[in-house]
Each structure stands twice: as structure tokens, then as C-alpha cells.
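Here is the structure we will look at, set down as C-alpha cells.
Residue numbers (the UniProt record's numbering): 1 to 94.
Following this line, the structure appears as C-alpha cells:
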């Protein structure tokens with residue numbers, strides 16, 4: 001199960017598993033945010049390649065609009081997925 005909770009100042013709290021079955025819903029939710037976005041990943045347990053695609057699509061959309069995407073509080077196994085995919089060089093991960 002996956003959920004997104006929008007908090008003040010463009011913070012989005014991700015919870016659960018972001019995989020292919022949830023990717024479209026995640027894109028739709030993130031597309032509704034027009035300013036800078038900080039994804040709090042402290043409760044994100046799993047991310048698949050489809051989830052990584054959500055992150056890249058969102059990053060590109062925000063960058064084209066002059067905004068940034070930040071990912072914070074990644075659990076070690078989720079952080080490893082970004083590292084193995086080389087996305088730690090592309091995305092702002094804190």
C-alpha cells in the first residue's frame with residue numbers, strides 16, 4: 001500500500017511501497033504541486049523502477065519550471081536503490 005500526504009510548504013510525506021501499481025497515482029498527485037517539492041521518504045519502504053521514473057518525471061517537470069525536487073530521510077535500502085541506479089548524481093537527496 002502507498003500513500004502521499006501533502007503538508008505545508010510543498011512537503012509531501014510518502015508512505016509504503018511505490019511501485020508500478022501506484023506510479024500513475026503518484027504522478028497525478030505530484031503534478032498538482034506547482035512549486036518546489038520536498039519528498040519526505042522516512043516512511044517509504046520500497047521503490048521500484050516505476051517509482052524511480054516518477055521521481056525523474058517530477059524532477060524534470062519542476063526543473064523546467066525553475067523549481068527543485070528534494071528527497072529527504074531515505075531509509076538505507078531505498079537510498080541504495082537510488083545509488084545503484086545512479087540517480088544520486090541527478091536528484092537532490094539529503
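Virtual Cβ for every residue (Gly too), placed ideally from N, Cα, C. Since the structure is predicted, the reported quantities are computational estimates derived from the model, not experimental observations.
To which residues of the same chain is residue i closer than 6 Å at the C-beta, ignoring the five residues directly before and after it?
{"i": "residue 44", "result": "14 and 78"}
{"i": "residue 17", "result": "2, 45 and 46"}
{"i": "residue 74", "result": "41"}
{"i": "residue 56", "result": "none"}
{"i": "residue 88", "result": "82"}
Since residue i and residue j should fall inside the 8 Å C-beta cutoff, what is the C-beta to C-beta distance between them, to a whole number of angstroms?
{"i": "residue 52", "j": "residue 69", "result": "Their Cβ separation, rounded to whole angstroms, is 13 Å, which puts residue 52 and residue 69 out of contact at 8 Å."}
{"i": "residue 11", "j": "residue 31", "result": "Contact flag wrong, Cβ pair sits at about 16 Å."}
{"i": "residue 67", "j": "residue 36", "result": "4 Å"}
{"i": "residue 85", "j": "residue 54", "result": "The Cβ separation is near 13 Å, so there is no contact."}
Grab me the residues of residue i's own chain with a C-beta within less than 7 Å of its C-beta, minus the 5 sequence neighbours each way, in chain order.
{"i": "residue 20", "result": "48 and 50"}
{"i": "residue 29", "result": "4"}
Can you tell me whether residue i is buried or exposed? The criterion is at least 16 other CB atoms within 10 Å of its CB, across all chains shown.
{"i": "residue 9", "result": "exposed"}
{"i": "residue 71", "result": "buried"}
{"i": "residue 65", "result": "exposed"}
{"i": "residue 34", "result": "exposed"}
{"i": "residue 6", "result": "exposed"}
{"i": "residue 22", "result": "buried"}
Starting from residue i, trace the alpha helix (DSSP H) in both directions and tell me its first and last residue.
{"i": "residue 77", "result": "76-84"}
{"i": "residue 22", "result": "20-31"}
{"i": "residue 53", "result": "49-64"}
The beta strand (DSSP E) with residue i in it runs from where to where?
{"i": "residue 69", "result": "69-72"}
{"i": "residue 6", "result": "2-7"}
With a threshold of 8 Å on Cβ separation, who are the neighbours of residue i within its own chain once the five nearest residues in sequence on each side are excluded?
{"i": "residue 119", "result": "With the chain running from 1 to 94 in the structure shown, residue 119 is simply not present."}
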